[in-house]
Ligand code: 5GP
Ligand code: MN
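Residue numbers (full-length UniProt numbering): 1 to 338.
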């Protein structure tokens with residue numbers, strides 16, 4: 001965060017405020033971890049803070065300290081709307097454009113209060129008074145740590161804040177595996193452990209809470225995987241019928257897309273998941289190396305994200321979406337094979 005933004009943020013926080021902290025729709029560990037870490041910190045500093053999530057998030061994140069206080073806009077719309085309208089300050093975390101909050105967008109765009117953006121996605125939109133955007137960062141949680149550091153508040157990091165931040169760094173770096181993991185990421189993680197983050201326990205709480213039906217769904221997904229060897233690409237499909245067959249619950253497909261990338265030589269891995277309720281196919285893209293799935297998702301699937309991890313959607317059928325995708329892969333053969 002640059003020094004002008006640090007001054008502006010200090011100024012905004014110099015008197016007690018009503019603050020809303022907002023993660024993106026379908027929040028992941030990084031989004032909800034960053035939001036809850038800010039919630040604990042800001043309340044500790046005498047502000048009146050609430051996290052307002054656009055919708056629900058997976059059970060495997062619900063051990064996080066403060067999770068019971070999170071408002072769900074989809075389920076508690078009038079209370080959440082009121083709170084947003086009465087807030088003096090809004091933090092948005094882990095997203096770069098107000099449209100990423102789904103139906104909550106209509107409420108957010110009408111607010112007069114200042115926004116603070118903390119985010120690591122490319123091409124940030126221009127809505128925030130204080131904008132801390134850095135696509136080189138491993139995670140928004142790492143950036144929340146740097147924000148507290150810049151405010152001279154490292155000493156205020158409690159074990160609860162440390163748990164939340166550690167969880168977000170862990171999930172967004174694929175357990176410190178992705179290229180976005182820097183030596184500084186490790187230093188931050190080490191500091192958080194010293195402040196009480198339960199690293200091994202957190203890993204277990206997030207990754208070792210499978211249900212038998214989720215593992216069977218993974219089996220189905222892996223069975224459905226198509227490998228386009230000629231294009232160094234692998235993709236998985238899951239239809240709504242298949243999800244129903246294995247009692248799909250929110251979060252169950254988290255990480256499935258990464259299996260494609262474990263194949264030697266694969267440059268791009270994709271998963272297409274049918275959502276009959278929303279009438280869309282939700283798509284996750286992953287890549288290794290230079291191939292930008294951010295650009296790919298942005299250009300063809302109304303989405304975006306990072307160079308090596310992005311998401312998007314299609315309003316066509318699963319079959320039509322896959323056929324379109326296969327035509328695009330052909331078109332990008334050069335980039336995927338050289
Ligand atoms: P995932 O595939 O795990 O849902 O998301 C991967 C990355 O892409 C995350 O950083 C996420 O915020 C971003 N992302 C996922 N879906 C969308 C989308 O529909 N639009 C945009 N702009 N980004 C997305
Ligand atoms: Mn993130």
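Every residue, glycine too, gets a C-beta built ideally from N, C-alpha and C.
Here residue 91 is bridged, per DSSP, to 21 and 116.
Following the DSSP letters along the chain, one finds residue 311 inside the beta strand (DSSP E) bounded by residues 309-314.
Sequence-distant partners of residue 193 (beyond 5 residues in either direction) whose C-beta falls short of 6 Å from its own C-beta, in its chain, are 199.
In the DSSP annotation of this structure, the continuous segment of the beta strand (DSSP E) that includes residue 268 starts and ends at 268-275. Between the ligand MN and the CB of residue 180, the shortest heavy atom gap is not smaller than 6 Å. At a cut-off of 6 Å, the beta-carbon of residue 14 does not count as near the ligand 5GP: no heavy atom of the ligand is closer than that.
In the structure shown, the three-state DSSP call for residue 211 is coil. Residue 136 and residue 142 have their C-alpha atoms spaced approximately 11 Å apart.
Set against 6 Å, the gap from the CB of residue 139 to the closest heavy atom of the ligand MN is smaller. Inter-segment contact for the segment 233-248 and the segment 199-217 is present: three or more beta-carbon pairs are separated by less than 8 Å.
Boundaries of the beta strand (DSSP E) harbouring residue 131: 130-133, taken from the DSSP string.
At least one heavy atom of the ligand MN falls within 6 Å of the beta-carbon of residue 172.
By the neighbour-count criterion, in which a residue is buried when 16 or more other Cβ atoms sit within 10 angstroms of its Cβ, residue 257 is buried. Leaving aside the five residues that flank residue 147 on each side, the residues in its chain whose CB is nearer than 7 Å to its CB run, in chain order, 1, 118 and 132. DSSP places residue 13 in the coil class of the three-state scheme, outside both helix and strand.
One alpha carbon belongs to residue 130, the other to residue 62, and they sit about 29 Å apart. DSSP places residue 285 in the uninterrupted beta strand (DSSP E) bounded by 280-287. Taking residue 299 as the centre and dropping the five residues before and after it, the same chain places no C-beta closer than 8 Å to its C-beta. By the neighbour-count criterion, in which a residue is buried when 16 or more other Cβ atoms sit within 10 angstroms of its Cβ, residue 187 is exposed. Under the Cβ criterion (8 Å, minimum of three pairs), the segment 27-39 counts as touching the segment 80-94. Looking at 138, 115, 120 and 57, the one whose alpha-carbon comes closest to that of residue 127 is 115. If you draw a straight line from the Cα of residue 307 to the Cα of residue 291, it comes to about 7 Å. For residue 100, there is no enclosing beta strand (DSSP E), as DSSP marks it with neither H nor E. In the structure shown, residue 238 adopts extended strand secondary structure according to DSSP, grouped into three states.
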